Amino acid sequence: MMDVLLIGGGAREHAIARALKKNNSVKLYTLMKNKNPGISKISEKVSLNAETDLNAIKKFAEEVKPDLAVIGPEAPLGIGVADMLWEIGIPTVGPKKLPAQIETSKEFMRNLFKKYKIKGSLKYSAFNSYDGVEEFIDKMTNLGIEVVVKPVGLTGGKGVKVVGEQLKDNEEAKEYAKEIFEKSIGGGKLIIEEKLVGVEFTLHGFVDGKTIIFMPPVQDHPHAYENDKGPITGGMGSYSCSDHNLPFLTENDLDEAKEIMKNTVEAIKKEVGAYQGILYGQFMLTVDGPKIIEYNARFGDPEAMNLLPILKNDFVEVCNAIANGELNKMNIEFENKATVCKYVVPQGYPLNPVKDREIFIDEDKIKKIGAILYYASINEKDGKLYTTGSRSAAVVGVADNIKEAEKIAESAIQHIRGDIFYRKDIGTLNLINKRIEKMKKLRK
Ligand code: GLY
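Taken in order, the sequence shown gives residues 0 to 443; the numbers are from numbering that gives the first Met the number 0.
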């Protein structure tokens with residue numbers, strides 16, 4: 000039996016916890032902020048602390064003395080939790096602070112692309128003050144380019160604003176840039192980039208510092224409401240296909256995306272040292288091929304719930320290979336199954352979510368339907384379950400094709416009740432066809 004320390008308490012970490020426990024070869028010790036009922040049920044011991052509390056994590060790690068640690072969310076990576084764990088002798092899945100900058104500093108990421116001439120670079124400029132912002136945006140306006148304004152640091156997915164979505168035009172982008180400096184959002188530094196037009200997809204890789212092994216691509220749905228309307232969220236659900244591609248992506252597009260990520264891993268190593276963990280590339284498929292919107296230094300949430308259930312290998316062995324730099328010795332495979340994941344979220348999410356409302360989840364009925372249930376931001380108190388302000392729980396259907404997988408997820412989600420909502424359209428052929436059509440039109 001191996002002892003594994005898991006950091007994080009969302010649905011992504013529930014998927015990680017399940018995958019680690021699949022062969023019953025590990026004892027799990029989890030540090031998380033809220034008591035996730037799914038994770039706590041399969042953990043030997045739980046420490047309820049903030050995932051950014053370095054001292055609490057160190058204390059728990061020294062008490063448990065795990066053989067391996069797995070870090071789920073980005074915030075602990077950004078403050079050097081992996082560095083601390085390696086220092087006290089614990090092999091860790093999740094990059095150290097400097098390589099994690101690929102997510103935690105948008106400026107580091109774009110500069111890396113420029114310096115190492117990685118394909119898919121785009122027009123951008125970074126600013127430490129408002130000086131020069133107006134001139135740069137005016138230059139973009141004159142070129143007919145709409146912009147994206149990104150605080151440089153982590154903002155919990157709420158800082159990036161895009162012209163045509165949250166911002167009316169490039170003039171409004173200037174106002175938002177001003178606000179970032181005034182309110183010190185995301186560290187009070189920003190980057191302005193050209194807006195990419197196309198269809199988004201995500202590609203994940205297991206990375207051991209030298210080798211990257213890719214997982215099937217997934218498509219997430221960041222908008223809160225059906226038909227891709229409403230505010231941007233952490234992701235309302237996602238799907239993946241049985242052929243390990245997506246219907247709007249050619250083999251060539253996928254190869255190009257893989258090449259970009261491979262080159263990024265090599266560049267990170269040269270620049271700041273080896274990257275060991277999960278690398279998540281959020282791509283926009285444009286008419287000029289795939290381009291990186293941003294990287295995450297961890298599994299996507301919800302994407303982890305599409306990928307981990309169809310991983311054929313023992314995830315514990317994959318994690319050991321990541322930490323030991325031995326991925327080249329592994330033959331990693333995924334089942335040829337389609338997956339559809341749908342999230343339930345509190346009413347009002349993400350802008351004004353209702354909080355601390357009781358939620359009712361019929362685990363047995365969901366299991367009978369054949370779906371997988373993952374708990375997210377739910378608090379267990381006195382045997383009852385309560386929502387927080389974040390995403391509450393997700394169901395995943397796994398089947399031979401998308402249609403079947405969607406049917407399973409849709410039936411299962413009916414057995415979650417409360418002051419919640421979800422997107423019925425995720426994984427439906429109607430919505431997927433819209434993506435295919437959009438890409439066809441752009442490519443004409
Ligand atoms: N799927 C969005 C994220 O994990 O950040």
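From the three backbone atoms N, C-alpha and C, an ideal C-beta is built for every residue, glycine too. Remember, it's a predicted structure, so these values are computed and weren't measured experimentally.
- In the three-state reduction of the DSSP assignment, residue 87 falls in the coil class, being assigned neither a helical nor a strand state.
- If you look at residue 207, you'll find it in the beta strand (DSSP E) that goes 198 to 207.
- Secondary structure at residue 82: helix, using DSSP grouped into helix, strand and coil.
- Scanning 375, 243, 274, 220 for the CA closest to the CA of residue 388 turns up 375.
- Taking a cut-off of 8 Å for Cβ pairs, the segment 292 to 307 and the segment 232 to 239 touch, as three or more such pairs fall below it.
- Within a 10 Å sphere around the beta-carbon of residue 59 sit 16 or more other beta-carbons, which makes this residue buried.
- Screening all residues for a C-beta within a distance smaller than 5 Å of any heavy atom in the ligand GLY leaves 219, 234, 299, 300, in chain order.
- Between the alpha carbons of residue 137 and residue 170 lies a gap of roughly 9 Å.
- Runs of beta strand (DSSP E) with 3 or more residues, each lying fully within the segment 136 to 204, are found at 146 to 150, 189 to 193, listed in chain order.
- In the structure shown, residue 425 falls within a coil segment according to DSSP collapsed to helix, strand and coil.
- Here DSSP, grouped into helix, strand and coil, assigns residue 278 to strand.
- The beta-carbon separation of residue 115 and residue 262, rounded to 7 Å, stays under the 8 Å limit for a contact.
- With fewer than 16 other Cβ atoms from the protein chains shown falling within 10 Å of its own Cβ, residue 442 counts as exposed.
- Distance from the Cα of residue 299 is smallest, within the candidate group 0, 429, 14, for 14.
- The count of Cβ pairs closer than 8 Å, one atom from the segment 307 to 319 and one from the segment 183 to 190, stays below three, leaving the stretches out of contact.
- Residue 65 and residue 83 have their C-alpha atoms spaced approximately 14 Å apart.
- Its chain contains 99, 102, 103, 153, 295, 296, 297 as the residues whose beta carbon lies nearer than 8 Å to that of residue 73, once the 5 sequence neighbours on both sides are disregarded; these appear in chain order.
- A check of alpha carbon separations from residue 390 across 404, 417, 402, 365 identifies 417 as the nearest.
- Contact check for residue 202 against residue 216 passes: the beta carbons are separated by less than 9 Å.
- For the pair residue 75 and residue 51, the CB atoms are nearer than the 9 Å cut-off.
- The residue among 235, 284, 317, 331 with its C-alpha nearest the C-alpha of residue 408 is 235.
- For the set 350, 364, 402, 340, the Cα lying nearest the Cα of residue 395 is the one of 340.
- In this chain, the beta strand (DSSP E) harbouring residue 213 covers 211 to 213.
- Note on geometry: alpha-carbon atoms of residue 423 and residue 155 lie some 25 Å from one another.
- Linking residue 385 to residue 378 through their CA atoms gives a straight-line distance of about 5 Å.
- With a cut-off of 8 Å on Cβ pairs, the segment 223 to 234 is in contact with the segment 331 to 351, counting three or more such pairs.
- With contacts defined as CB atoms closer than 9 Å, residue 185 and residue 291 fail to qualify as a contacting pair.
- In this structure, residue 419 and residue 360 do not form a Cβ contact; the two beta carbons are roughly 10 Å apart against a cut-off of 8 Å.
- Cβ-Cβ distances below 8 Å link residue 32 to 8, 47, 48, 49, 50 in the same chain, with the five nearest sequence neighbours on each side left out; the list follows chain order.
- In the three-state reduction of the DSSP assignment, residue 222 falls in the strand class.
- The beta-bridge partner set that DSSP reports for residue 68 consists of 4, 91.
- A distance below 9 Å separates the beta carbons of residue 71 and residue 6.
- Counted as a single uninterrupted DSSP element, the stretch harbouring residue 53 is not any beta strand (DSSP E) but the alpha helix (DSSP H) occupying residues 53 to 63.
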